[in-house]
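If you want my numbering, it's the 1-based position in the sequence shown plus 327.
Heads up, the beta-carbon is just placed ideally off N, CA and C, and yes, glycines get one too.
Quick caveat, the model's predicted, so the values are computed rather than measured.
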Amino acid sequence: MVNSMQDSPATQCVLRVFNGPLQGCEFDLAQQRTLFVVGSEAKFCSIEHPLSVPEDAIYIPLAYGGCNFEVLLGDDDRAECVVRILGDEGVVERPIPFQSLEHISELLIAVRPFDEAWRSELLVQGAAVLAGPEPARMPVIVSRRVAVAAVLVIMAGLAMFGWYASSSTPVSNVEALIAGGNNNMVALYGRDQAIYVFAHSERDAAWGRQVLVRNGYSATQVMTTEDERYRLESLVSSLAPQLAFHRMDLSDPVVPQLWISRQRSVLSAGLQRRLESALVAVAPYAHEIKIVQRDDDELLHLAEQGLQRLALPFTRHQRADDVTFTVEGSLEDAQLQALGDFVAAFGRQWGARYVHFAIELKDDWLKSKSFQYGPQGYIKMTPSSWYFPKSL
């Protein structure tokens, strides 16, 4: 990179670190602005938080109390430089004299002009400030280029390790195995370090279990969404028998939702906490449990709309805790199939605790007992008996 004349100050300096893992290291400062990134290795060098340091910055590891800062050099013969501290409470600039110990949060540093030697009293003072005595050693001079190169090597190594670790995890391996089937399964990593797989049907679940067992993942729990929903709803019923709820929604297993009735439920803060804690405890795959109020009238409206679209005659019987829609009449096979599909879809979406469906079919008493003749619809019941369904 080509620097302009303004990027090269007349005063070049050396910064020395007096504590931390880089105690005794020195950095040549040849630019008007040099950024120092200070913090713990756990923060900057972990797999979860890969090291991200600008190319022109210098990283200084410090166990605690790290604070990023910039050293600003002027183009005159002043006996000081300016440090711009980039703290959580904002940016603060303060001058620091050359050849003096300065605290940047918990980091202890000093700056001198490039053409001067360190004052002996400064080195003695720096050693005295430290908690424990340091063995005598020669100063280690680390050029800025070497420090940046070391940081880049660490970054590259951590990036490769992080990529390798993230590219092959137990969950990703399970997802790769179950992706071969014609199904829609979801694999989740639980707080108990176990893997949970949700399948749409029992057939898909059985296929998934066979695949995982053959590939050494027999400990993985494969379940259908419906079975898990019934299990959680049973727990809710045992903990709060009087609670009027519609269903446990597992469309997003990471954040399951308990749908309760807005009109018929009285949920205290204490009961809500108990329910949430109990459900989270038995569902390690969930990050949190949400309790959501749903309107009873919404369910009634949707049920009536669905039956009306099918053009089926029905009556509604409403009680205090539930509603039953009774479909009556002589239904053809196609109508029965359409009604069954609607009832099943409604139950999957809203549950079957509040809205119920009943079918009362009327038998055709003439079926297999007579023959119909003529366009006017008269029926010959017996050789000597005739039946006219409509008046002629």
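Secondary structure of Trp-586 (DSSP, three-state): strand. According to the DSSP assignment, Asn-500 belongs to the alpha helix (DSSP H) that extends over 497–505. Separation of Glu-560 and Asp-579 (C-alpha to C-alpha, rounded to the nearest whole angstrom) is 16 Å.
For Gln-662, no beta strand (DSSP E) segment is defined; the enclosing uninterrupted segment is the alpha helix (DSSP H) at 660–677. For Gln-620, the closest C-alpha among the options Val-498, Met-550, Ala-571, His-430 is that of Ala-571. Relative to the Cα of Gly-678, the nearest Cα in the group Asn-542, Tyr-544, Tyr-557 belongs to Tyr-557. For Pro-388, the pairing in a beta bridge is given by DSSP as Gly-366. His-683 is positioned such that its CB atom lies closer than 7 Å to that of Thr-651.
For the set Val-341, Leu-658, Asp-531, the Cα lying nearest the Cα of Leu-399 is the one of Val-341. In the three-state DSSP reduction, Gly-633 falls in the helix class (H, G or I).
Shortest Cα-Cα distance from Val-563 to any of Gln-584, Thr-552, Val-549 involves Gln-584. The beta-carbon distance between Ile-385 and Thr-361, rounded to whole angstroms, is 7 Å. This is short enough to meet the 8 Å contact definition. Comparing alpha-carbon positions, the option among Gly-453, Asn-500, Val-593 lying closest to Gly-351 turns out to be Gly-453. Counting other Cβ atoms within 10 Å of its Cβ, Val-540 stays below 16 and is therefore classed as exposed. Residue Leu-450 holds the alpha-carbon nearest to the alpha-carbon of Ser-427 among Leu-413, Arg-411, Leu-450, Arg-405. Judged by DSSP secondary structure, Asp-531 falls within the alpha helix (DSSP H) whose first and last residues are 529–541.
When Cβ pairs closer than 8 Å are counted between the two stretches, the stretch 639–655 is seen not to touch the stretch 530–544, the count staying below three. As DSSP reads the structure, Leu-434 sits in a beta bridge with Ile-431. Rounded to whole angstroms, the separation of the alpha carbons of Leu-577 and Thr-552 is 7 Å. The beta carbons of Ala-406 and Arg-343 sit no closer together than 7 Å.
Look at His-614 here: in three-state DSSP terms it is coil, with no helix or strand label. With contacts defined by Cβ atoms closer than 7 Å, Val-365 and Cys-394 form a contacting pair. Spanning the alpha carbons of Met-512 and His-527 requires a straight line of approximately 7 Å. For Gly-417, the enclosing beta strand (DSSP E) covers residues 417–424. The Cβ neighbour count for Asp-660, taken over all protein chains shown within 10 Å, is under 16; the residue is labelled exposed.
Beta-bridge analysis with DSSP links Arg-643 to Phe-652. Bounds of the beta strand (DSSP E) holding Val-341 are 340–344. If the five residues before and after Pro-440 are omitted, its C-beta is found closer than 7 Å to the C-beta atoms of Thr-338, Cys-340, Phe-425, all from its own chain and listed in chain order. In the three-state reduction of the DSSP assignment, Arg-556 falls in the helix class, which pools H, G and I. Arg-621 carries a strand assignment under DSSP once its states are collapsed to helix, strand and coil.
In this structure, Leu-637 sits near Ala-665, with a CB-CB distance shorter than 7 Å. In the same chain as Thr-547, and ignoring 5 residues on each side of it, the C-beta atoms closer than 7 Å to its own belong to Val-501, Ile-522, Val-524, Leu-539, in chain order. Secondary structure of Phe-371 (DSSP, three-state): helix.
For Pro-611, same chain residues with a beta-carbon under 8 Å away, outside a window of 5 residues either side, are Gly-517, Arg-518, Asp-519, Ala-521, Tyr-523 in chain order. Contact between Gly-401 and Glu-433 is ruled out by a C-beta separation of about 27 Å, above the 8 Å threshold.
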